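Below is one structure, written out as structure tokens; comments come after it.
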Amino acid sequence: MNQESLMTIFINASLINNFVLAYFLGICPFLGVSGRVGTASKMGAAVTFVMVISSVCAFGINMLLVAVNAPFLQLISYIVVIASTVQLVEMFVKKASPALFKALGIFLPLITTNCAVLAIALLQTSKGYDIFQSITFALGGGAGFTLALVLMAGLREQLEFSEVAGVAKGTAIVLLVAGILSLSFMGFAGLGG
Amino acid sequence: MSLINQNKANEGFFKKLGENPATDDFIKGLWKDNPVFVQVLGMCPSLAVSNSAKNALAMGLATTFVLTMSNVLISLLRNFIPKEVRIASYILIIATFVSMVDYTIQAVSVDLHKSLGAFIALIVVNCIILSRAEAFASKNTVGRSFFDGLGMGLGFMFALFCIGSIREIIGSGSLLGFQVMPDAFEKWVIMVLPAGGFFTLAALLLIFNHYKLKKSKA
């Protein structure tokens, strides 16, 4: 059993080991949906929600798998849980806010293949977190993902008003900005344990 | 974004489907439709495990295996999988192969398994694999899907190896573990850190864009 305090876990997951900028998880939506701050923050919320739900489910499934001695089914069962949670969120968003559903587009179903979500489930198992630690971990990871996404969206909104050299247009400039953002996040390294 | 580009690329591709033999399926993944440099798919593993050439090669091999096998199986089953649950079925098939690779690597080299960490398991959610399953394997014959998977996988490995060697040479002064830089060379630690991954890929994309622009002007 892991003894880390909830606070440490949260800060670690959200800032020091930021999922996007330090672990390179969830880069696709990070590059894809970071065009507008509004969309980015809602995407972040949706991902965080999926993370928390699948984290809880993954915790239960892991206990079950350990009990029946079938750890090789771990990956397969986790991905099924995540896929169904995403389906749930998709139906909810479609009903609650068709405009948001349109703005998120293909990236909403693609949360299934967001590596950050699966990584939460896998990492909490390998670190041996209990149920509260797992939820905190998922919340921290989601907060970090949202933070990175919103920061990036803010930067890209500014970028639209500046002149970018022809060769750097598109993904290249976004990656450069992400690199600098990642550099600045290294400053958090001294914060936690 | 990348998926939409992908669909556009595929439209053009399907237009000349008639004159496309298996070799073309293979070659296009290596260069013209390179999954990393051109389609900008599978960014997470290509940035995360490319801090050394060895990790990059191992990751590339593992992905190639999963991609080829899942392409073949999905193509075999393409007439049996109901349309409504196809994505879920694809993911299950992919997850099965990834579990196999995961346990194999653990058995072959514990060190390698440790340095790749969770990223082997995360091959499941590599968008390249799912996008090939959806865009190619579900519509084409087994043989062509095999070559498509192999080509895309090797293209991915090639891109990973490029990024990995650049980062290892500049960041640790070595290549595949052998020292290549003189002792006096000041290592750029930043290249092995996460930020270096972003910068290296950005630099490579800049070079690619430069040639693309030159070509379109000429």
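Same order as they appear, the protein sequences are chains A and B.
Sequence positions in the first sequence follow the numbering used here and run 9 to 201.
Sequence positions in the second sequence follow the numbering used here and run 5 to 222.
Virtual Cβ for every residue (Gly too), placed ideally from N, Cα, C.
No experiment lies behind these values; they were computed from the predicted model shown.
- Runs of the alpha helix (DSSP H) lying entirely within the segment 111-148 of chain A, each at least 4 residues long, are 123-135 in chain order.
- It is roughly 10 angstroms from the alpha-carbon of A156 (chain A) to the alpha-carbon of G150 (chain A).
- In this structure, DSSP gives S63 (chain A) a helical state, which the three-state scheme calls helix.
- In the DSSP assignment, I17 (chain A) falls within the unbroken alpha helix (DSSP H) covering L14 to I19.
- Straight-line measurement puts the Cα of G121 (chain B) at about 22 angstroms from the Cα of M71 (chain A).
- The three-state secondary structure of L179 (chain B), taken from DSSP, is strand.
- Close to T100 (chain B), with beta-carbon spacing below 8 angstroms, are these residues of chain A in chain order: I84.
- The DSSP-derived three-state label of N213 (chain B) is helix.
- With contacts defined as CB atoms closer than 9 angstroms, A146 (chain A) and S62 (chain A) qualify as a contacting pair.
- Look at D106 (chain B): its C-beta is under 9 angstroms from a C-beta on chain A.
- Of all residues in the segment 118-144 of chain A, only L118, T120, T121, N122, C123, A124, V125, L126, A127, L130, L131 and S134 place a beta-carbon less than 9 angstroms from a beta-carbon of chain B.
- Straight-line spacing of the CA atoms in G178 (chain A) and P49 (chain B) works out to 20 angstroms.
- Between A125 (chain B) and V146 (chain B), the gap from beta carbon to beta carbon reaches 9 angstroms or more.
- V40 (chain B) and F160 (chain B) do touch by the CB rule: their CB atoms are close to 6 angstroms apart, below 8 angstroms.
- Legend: CB atoms of the segment 173-189 of chain A lying less than 7 angstroms from CB atoms of chain B belong to residues G174, V175, A176, T179, A180, L183, L184, A186 and G187.
- With a minimum length of 4 residues, the unbroken runs of alpha helix (DSSP H) contained wholly in the segment 74-119 of chain B fall at 90-112.
- Chain order gives the chain B residues near F32 (chain A) as C48, L51, A52, P198 and G201, where near means a beta carbon separation below 7 angstroms.
- Residue environment: T47 (chain A) is assigned as buried (16 or more neighbouring CB atoms within 10 Å of its CB, all protein chains considered).
- Looking only at A:V185, A:S190 and A:K50, the smallest Cα-Cα distance to F109 (chain A) is reached by A:K50.
- Taking all protein chains in view, the Cβ of Q141 (chain A) is crowded by 16 or more other Cβ atoms within 10 Å, so the residue is classified as buried.
- With respect to chain B, the C-beta atom of M194 (chain A) has a partner C-beta closer than 9 angstroms.
- The segment 182-200 of chain B and the segment 184-192 of chain A touch, with no fewer than 3 CB-CB distances between them shorter than 8 angstroms.
- Chain-ordered listing is empty here: chain A has no CB closer than 8 angstroms to the CB of S79 (chain B), the nearest sitting near 20 angstroms.
- Against V114 (chain B), chain A offers no close residue; the least beta-carbon distance is about 14 angstroms (beta-carbon pairs closer than 7 angstroms).
- Nearest CB-CB separation between V89 (chain A) and chain B: not below the 9 angstroms threshold.
- The beta carbon of H117 (chain B) does not come within 9 angstroms of any beta carbon belonging to chain A, so the residue lies off that interface.
- Beyond the five residues adjoining it in sequence on each side, W192 (chain B) comes within less than 7 angstroms, by CB distance, of I174 and G175 in the same chain, given in chain order.
- The beta-carbon of S103 (chain B) is placed less than 9 angstroms from the nearest beta-carbon of chain A.
- Scanning chain A for C-beta atoms nearer than 9 angstroms to the C-beta of A163 (chain B) yields nothing, as the closest lies near 13 angstroms away.
- In the structure shown, the three-state DSSP call for I124 (chain B) is coil.
- When the beta-carbon positions are compared, S93 (chain B) and S149 (chain B) stay at least 9 angstroms from each other.
- V60 (chain A) is classed as buried because its beta carbon has at least 16 other beta carbons within 10 Å across all chains shown.
- Proximity of C131 (chain B) to chain A, defined by a Cβ-Cβ separation below 9 angstroms, is satisfied.
- Counting C-beta atoms within 10 angstroms of its own C-beta, M99 (chain A) has fewer than 16 neighbours from the protein chains shown and is therefore classed as exposed.
- Interface flag for V70 (chain B) against chain A is unset, since no Cβ pair is found closer than 9 angstroms.
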